[in-house]
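Colleague: Residue numbers for the sequence shown follow our numbering, so the first one is 1082 and each next one is one higher. Sending over a structure as structure tokens; questions will come in a sec.
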Amino acid sequence: MRSTANTLLDDLHHVADLNAHPNRHYRGGAEVLGVRMGTLFEIAKRHSDMPLDEIVRLLDETPYEPRLAAFCIMDFQARRPRISDAEREGLYDLYLERHDAIDSWDMVDRSAPRVIGVFLRDRSRAPLFSLAASADPLRRRTAMTAPLAYTRPAHPEGIADLLRLAEQLAADTDSIVSKPVGIALKHAGAVAPDEVRAFLDRMGDRLAAPVRREARSKLR
């Protein structure tokens, strides 16, 4: 049976229990249905063949969980080994066009590396620098999280841009942004330790102490 927004919504509402799963990690202002995260991921995976027009309908939903499920589906589709260039571009375009639907860090973390980062792997990464200059901290988080795609497998040009983005966002005091700066540097350090050491030496105290600690945690 064809997956639709309505069938997925039915599945979410069937298992929703706000008392058991209040999802307090969600800090947005929308309604919370109360779906356990593991269950939500399972439901999204069952509906991973959902066409883009139905994913758009999920992104139009007010509650938190349907929108998170939409980004999970986009991530599952981007992981497919036989995804076409046109399909990958469609996911990339939809993510950016509907960034307004993102009001929680987990929507970014779940989908940005494969939907945005992988698409830009062999293209200009100028869009990431534009996102990094946004007034919206969640768009800045996308800019810093998408380049995780360049650490597995290592992509030297992508890692160089990851470091440029980290420098651009080094002074960001919003934890929505500063935490992924440290995480991105940590993963880059696992595959490009010399480059990350040189970056840390050059940046010095311009990087907050928690970011420096996170960045050094995987240096060999």
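Idealized CB from N, CA, C, for every residue including glycine.
Given that a residue counts as buried once 16 or more other Cβ atoms are within 10 Å of its Cβ, and exposed if not, what is G1270?
Modeller: G1270 is buried by the Cβ-count criterion.
Colleague: Along the chain, where does the alpha helix (DSSP H) containing I1154 start, and where does it finish?
Modeller: Counting along the chain, the alpha helix (DSSP H) containing I1154 begins and ends at Y1145 to A1159.
Colleague: In the DSSP assignment, what residue or residues form a beta bridge with T1232?
Modeller: According to DSSP, T1232 bridges with A1235.
Colleague: Can you tell which of K1260, A1247 and D1255 has its C-alpha closest to the C-alpha of R1283?
Modeller: Checking every option, the nearest Cα to that of R1283 belongs to A1247.
Colleague: Can you have a look at G1115 and say buried or exposed, based on whether 16 or more other CB atoms are within 10 angstroms of its CB?
Modeller: Label assigned to G1115: buried.
Colleague: For the stretch 1139-1149 against the stretch 1159-1172, are there 3 or more C-beta pairs whose distance is under 8 Å?
Modeller: Cβ pair count under 8 Å is below three, so no.
Colleague: Can you tell me whether H1102 is helix, strand or coil according to DSSP?
Modeller: If DSSP states are grouped into helix, strand and coil, H1102 belongs with coil.
Colleague: Would you kindly work out how many angstroms separate the C-alpha atoms of L1266 and A1296, rounded to a whole number?
Modeller: If I take the Cα positions, the gap works out to 5 Å.
Colleague: Hey, quick one: how far does the alpha helix (DSSP H) through I1264 stretch, first residue to last?
Modeller: Unbroken alpha helix (DSSP H) run through I1264: S1256 to V1272.
Colleague: Can you tell me the Cβ-Cβ gap for A1310 and R1287, rounded? I've got them flagged as a contact below 8 Å.
Modeller: Examination of residue 1310 is not possible in this model, given that the chain is present from 1082 through 1301 alone.
Colleague: What's the call for G1285, buried or exposed, on a 16-neighbour Cβ count within 10 Å?
Modeller: So G1285 counts as exposed.
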